[in-house]
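**Q** Next up is a structure, given as structure tokens.
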Amino acid sequence: IAQHAVETGAHRIAVFGKDEFEKLGMRIDGIKQVMDTHPDIALEFVDEGSWNLARDGYDVGRRLASRAADRPDFVIALSDVLATGAIAGIQATGLSVPNDIKVAGCDGNPLAWSGNTALTTIAPPGYEIGRKGVQYLMRQIEDGRRTVNEMPTENHQELVKPFLLPRASTGNGSNPQGFANQRVPVTARATAALLHLTERPAPALPSHRRLPNRSSRPTAGAFFKLWSQTCDSRCRLIRKSAIRGLIRPLLA
Numbered sequence: 017i018a019q020h021a022v023e024t025g026a027h028r029i030a031v032f033g034k035d036e037f038e039k040l041g042m043r044i045d046g047i048k049q050v051m052d053t054h055p056d057i058a059l060e061f062v063d064e065g066s067w068n069l070a071r072d073g074y075d076v077g078r079r080l081a082s083r084a085a086d087r088p089d090f091v092i093a094l095s096d097v098l099a100t101g102a103i104a105g106i107q108a109t110g111l112s113v114p115n116d117i118k119v120a121g122c123d124g125n126p127l128a129w130s131g132n133t134a135l136t137t138i139a140p141p142g143y144e145i146g147r148k149g150v151q152y153l154m155r156q157i158e159d160g161r162r163t164v165n166e167m168p169t170e171n172h173q174e175l176v177k178p179f180l181l182p183r184a185s186t187g188n189g190s191n192p193q194g195f196a197n198q199r200v201p202v203t204a205r206a207t208a209a210l211l212h213l214t215e216r217p218a219p220a221l222p223s224h225r226r227l228p229n230r231s232s233r234p235t236a237g238a239f240f241k242l243w244s245q246t247c248d249s250r251c252r253l254i255r256k257s258a259i260r261g262l263i264r265p266l267l268a
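Going by the numbering used here, the sequence shown opens with residue 17, and the numbers climb by one from there.
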């Protein structure tokens, strides 16, 4: 995110959010490392805003936008929730995001992407983490390092870097190539992808889980409950299929 701010031509960057736990502190350290190589860019840290409270982001964003002389032109929030609140606070003063102030988040939280301005953020590489985890598991099985009721004798750690999702809040009007529409729920995309990989049809819902046939539209609560039950059934099927597919060739 800090490198992206530099590349967009930022002259004054404000970073805000409380350093409440180790992960947030590491984000601050990473920003400092990048900005140490750009002494010509002013950098300010505002130790305010709880990472999960959008109203804190709103207050800080509104206050930063109300400045006259030292107003930042790029704001980095330590979480996407704070960033979404900051966008609303900046826009409440009459300024534009990203024309007047650019805003970016840091943690790739899909629950914070429902604002009217698509948020630039960093997406955790969940797929890559899962892929490498399966690779190491298969390697242990093939090497015979694990037997029944025996704990692994060694741990393996590897750094998996996240990737940037540049969006409208920093002046990028479109999503990066290969990334699906950011308004589609991530869980739905993941479920669809896994079902495609397993080449199995989705299991039919039991009759007691189907919504009653009514002319009126079902409530949001009923729809969410049905959707959750459907995802649970699909995930169980996918897990069983994936495990069998991995283990069966090794036992043949």
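Beta carbons are placed, not taken as given, at the ideal position from N, Cα and C, and that holds for glycine.
Can you grab the Cα-Cα spacing for the pair I103 / F32, in whole Å?
**A** C-alpha separation (whole angstroms): 13 Å.
**Q** Please report the distance separating the alpha-carbon of V91 from that of K148.
**A** Cα-Cα distance, rounded: 34 Å.
**Q** By the 10 Å Cβ neighbour count, where 16 or more other Cβ atoms means buried, how is I145 classified, buried or exposed?
**A** Looking at its Cβ environment, which holds fewer than 16 other Cβ atoms inside 10 Å, I145 is exposed.
**Q** Does any residue of chain D bring its CB to less than 8 Å from the CB of D56?
**A** The displayed structure is made up of one protein chain only, and chain D is not part of it.
**Q** Between the alpha carbons of R28 and D86, how many angstroms are there, rounded?
**A** Computed Cα separation, rounded: 8 Å.
**Q** Which of the three DSSP states, helix, strand or coil, is assigned to V176?
**A** Three-state result, V176: coil.
**Q** Taking the C-alpha atoms as reference points, what is the distance between R79 and L98?
**A** Computed Cα separation, rounded: 14 Å.
**Q** Who pairs with V22 in a beta bridge, going by DSSP?
**A** In DSSP, V22 forms no bridge with anything.
**Q** Along the chain, which unbroken stretches of the alpha helix (DSSP H) at least 4 residues long are found entirely within the stretch 25-63?
**A** As far as the stretch 25-63 is concerned, its whole alpha helix (DSSP H) runs of at least 4 residues are 38-51.
**Q** With a threshold of 16 other CB atoms inside 10 Å of the CB of G110, please say whether the residue is buried or exposed.
**A** It counts as exposed.
**Q** State the Cα-Cα distance for the pair Q49 and A108, rounded to the nearest angstrom.
**A** When rounded, the distance between both Cα atoms is 32 Å.
**Q** Examine the ligand GDP and report whether any of its heavy atoms sits within less than 7 Å of the Cβ of A139.
**A** The model depicted lacks the ligand GDP and carries no ligand whatsoever.
**Q** Can you check the stretch 138-163 for any alpha helix (DSSP H) of at least 4 residues that lies completely inside it and give the ranges in chain order?
**A** Correct list: 142-159.
**Q** What are the start and end residues of each continuous alpha helix (DSSP H) run of 4 or more residues lying completely inside the stretch 79-122, in chain order?
**A** Fully enclosed alpha helix (DSSP H) runs of 4 or longer: 96-108.
**Q** Can you look up L127 in the DSSP assignment and give me helix, strand or coil?
**A** If DSSP states are grouped into helix, strand and coil, L127 belongs with the helices.
**Q** Compare the C-alpha of E60 against each of A93, L40 and W67 and name the closest.
**A** Selected option, being the one with the closest Cα: A93.
**Q** Among E36, G187, I138 and A30, which residue has its Cα nearest to the Cα of P114?
**A** Nearest option by C-alpha distance: G187.
**Q** Please tell me whether D35 and I44 are closer than 8 Å, where the distance is taken between their beta carbons.
**A** Yes, these two residues count as a Cβ contact at 8 Å.
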